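Contents: one structure, followed by commentary.
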Amino acid sequence: MPLACPTNLDVQQLRAEISSLYARVLDQPDGQYHFHRGPAYAVEFLGYEPGELARLPDEVTRVFAGIGNPLKMGRINAGETVVDIGCGAGTDLLLAAYQIGPAGRAIGVDMTPSMLDFARAAAKRSNLHQVELRPGDATSLPVETASADIVLSNGVLNLVPEKDKALQEMRRVLKPGGRVQIADITLDIELSEDAHADIDLWTG
Amino acid sequence: MRAFSAYGFADVAIRDRFDCFRGTSKERTARRYGVHGVNLSARKA
Numbered sequence: 001m002p003l004a005c006p007t008n009l010d011v012q013q014l015r016a017e018i019s020s021l022y023a024r025v026l027d028q029p030d031g032q033y034h035f036h037r038g039p040a041y042a043v044e045f046l047g048y049e050p051g052e053l054a055r056l057p058d059e060v061t062r063v064f065a066g067i068g069n070p071l072k073m074g075r076i077n078a079g080e081t082v083v084d085i086g087c088g089a090g091t092d093l094l095l096a097a098y099q100i101g102p103a104g105r106a107i108g109v110d111m112t113p114s115m116l117d118f119a120r121a122a123a124k125r126s127n128l129h130q131v132e133l134r135p136g137d138a139t140s141l142p143v144e145t146a147s148a149d150i151v152l153s154n155g156v157l158n159l160v161p162e163k164d165k166a167l168q169e170m171r172r173v174l175k176p177g178g179r180v181q182i183a184d185i186t187l188d189i190e191l192s193e194d195a196h197a198d199i200d201l202w203t204g
Numbered sequence: 205m206r207a208f209s210a211y212g213f214a215d216v217a218i219r220d221r222f223d224c225f226r227g228t229s230k231e232r233t234a235r236r237y238g239v240h241g242v243n244l245s246a247r248k249a
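Protein chains in written order, with my numbering: chain X, 1 to 204; chain V, 205 to 249.
If you want it as structure tokens, here you go:
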């Protein structure tokens, strides 16, 4: 089943624009964007638990821009290893870190350097020493083979043209029987070739 | 879901749906293409 988008899409340009967009969210969280942000959205639209979000630094949840709620599908066990692909500022990553506790590992991967720095600082302020931040993207995860109990992502796979590589990487890093809990977008209709190649549609 | 199954995942399921673009500047585009957020779970087979 071919999953790479059959287009002349400039993948490097797309990655640069996505990275720039989300870096801007960090700098200007109250700016104009095509997606909702913040803790009220997370609670009202996506079913996040207000009490759990309240444990996180305000500046983290303020820039939350997920499109679903991966952690709603089941709690993560203490001591497990979690990989959050495209962890952004760290809302899901830090929530997962609380669930796994100090004996677990929460590895956040993101391609935007400012997001990594932001999430790393937030984890440190929260005394979540089980959190690691690593530069990378969904098609080449900087994670050991068969090392993860669970893979999370929230709104990332739809932004990756090479979905075949992303799925192969998710499978590679998971232990046998390991779980995927991801949130993403789906479309009810098939897009035209022109729409596939339109970066504005990819990035909003 | 077929893609996950094809790449070696089992028990693939869409668990929740979210109208995540409601009230945004892209609400009309989302409605046009039937775009919505989903929660999806699966297990490495």
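Even for Gly, the Cβ is constructed at its ideal location relative to N, Cα and C.
No experiment lies behind these values; they were computed from the predicted model shown.
Option nearest residue i by Cα separation, candidates the options
i	options	result
residue 61/X	77/X, 82/X, 87/X	87/X
residue 23/X	105/X, 63/X, 152/X, 160/X	63/X
residue 72/X	78/X, 59/X, 85/X, 52/X	52/X
residue 77/X	69/X, 139/X, 97/X	97/X
residue 186/X	219/V, 228/V, 229/V	219/V
residue 18/X	181/X, 159/X, 179/X	159/X
residue 84/X	118/X, 46/X, 134/X	134/X
residue 188/X	245/V, 227/V, 228/V, 221/V	221/V
residue 25/X	100/X, 14/X, 46/X, 112/X	112/X
residue 40/X	49/X, 32/X, 34/X	49/X
Chain V within 8 Å of residue i, Cβ atoms only
i	result
residue 13/X	no
residue 35/X	yes
residue 1/X	Here residue 1/X scores only 48 on pLDDT, less than 50, and its place in the model is too uncertain to base an answer on.
residue 186/X	yes
residue 70/X	yes
residue 168/X	yes
residue 55/X	no
residue 138/X	no
residue 18/X	no
Chain X residues whose Cβ lies nearer than 7 Å to that of residue i
i	result
residue 219/V	73
Exposure label - residue i; buried when at least 16 CB within 10 Å
i	result
residue 67/X	buried
residue 145/X	exposed
residue 248/V	buried
residue 1/X	Reliability fails at residue 1/X, whose pLDDT of 48 lies under 50, so the model's placement of it is uncertain and no value is given.
Contact with chain X by residue i, beta-carbon distance below 8 Å
i	result
residue 232/V	no
Under 8 Å by beta carbon: chain V residues contacting residue i
i	result
residue 165/X	The contacting residues do not exist; residue 165/X stays about 10 Å from chain V at best.
residue 141/X	None at all; the shortest Cβ gap to chain V is about 14 Å.
Chain V residues whose Cβ lies nearer than 7 Å to that of residue i
i	result
residue 176/X	248
residue 62/X	The contacting residues do not exist; residue 62/X stays about 17 Å from chain V at best.
List, from N- to C-terminal side, the beta strand (DSSP E) runs of 3 residues or more that fit wholly inside the stretch 138–200 of chain X. 148–154, 174–186
Report the start-end ranges of each beta strand (DSSP E) in the stretch 56–108 of chain X that is 3 residues or longer and not cut off at the edges. 81–85
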